[in-house]
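Input: a single structure, listed below in structure tokens.
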Amino acid sequence: MRRVVPRAPQHLWPRTRRWWRLIVREWGLEEHEQRLLTVAAEAWEREQTARVVLAQEGMTYINRYGGPVARPEVGIARDAAVLFAKVMKDLDLREEEPQKVDLRRNRKVVL
Numbered sequence: 036m037r038r039v040v041p042r043a044p045q046h047l048w049p050r051t052r053r054w055w056r057l058i059v060r061e062w063g064l065e066e067h068e069q070r071l072l073t074v075a076a077e078a079w080e081r082e083q084t085a086r087v088v089l090a091q092e093g094m095t096y097i098n099r100y101g102g103p104v105a106r107p108e109v110g111i112a113r114d115a116a117v118l119f120a121k122v123m124k125d126l127d128l129r130e131e132e133p134q135k136v137d138l139r140r141n142r143k144v145v146l
């Protein structure tokens, strides 16, 4: 039986929607996991948007007292990257358990 892959959220960028559908199709994510994946996709887009601004404007600006101040996009990019990493870790999309090769017996051992 072929599983129907739902449509990706329309507010995501086209390339992010393709990634979202690929992950859902390959991993067969359930609805609650699809919601987490959406949060990860939104965080990734937020980080990328902040990085564009940082590339154009720089990491700091000079405040009214003449001192350098980190742009708000620095925090946005950092927080979004942390959220993306956390959600992806929570989804646990690894293909298999980490393995160690027992060289004496030439076989794989699940850790």
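140 is the number that this note's numbering gives to position 105 of the sequence shown; each next residue is one higher, with no gaps.
Note that the Cβ used here is the ideal one computed from N, Cα and C, for glycine as well.
Simplified DSSP state of residue i, which is helix, strand or coil
| i | result |
| --- | --- |
| V145 | Below a pLDDT of 50, predicted positions are generally treated as unreliable, and V145, at 47, falls in that range; the measurement from the model is reported next regardless. Correct three-state label for V145: strand. |
| A76 | helix |
| A105 | strand |
| K124 | helix |
CA nearest to the CA of residue i, picked from the options
| i | options | result |
| --- | --- | --- |
| P41 | W55, L47 and T51 | W55 |
| R50 | L72, V74 and E80 | E80 |
| D125 | R86, G110, L64 and R99 | L64 |
| E61 | R38, V88 and H67 | R38 |
| A78 | A116, R129 and L128 | A116 |
| L128 | R53, P107, E68 and A43 | E68 |
| I111 | R86, L47, A120 and K121 | R86 |
| E95 | V109, T84 and E66 | Going by the sequence as given, residue 95 is Thr instead of Glu. Among V109, T84 and E66, the Cα nearest to that of T95 is on V109. |
Cβ distance (whole Å) where residue i is taken to contact residue j below 8 Å
| i | j | result |
| --- | --- | --- |
| A106 | L89 | The sequence shown places Arg at residue 106, not Ala. Contact holds; Cβ gap of about 7 Å. |
Checklist entry - Are the stretch 58 to 75 and the stretch 102 to 111 touching by the rule of at least three beta carbon pairs closer than 8 Å? => result no
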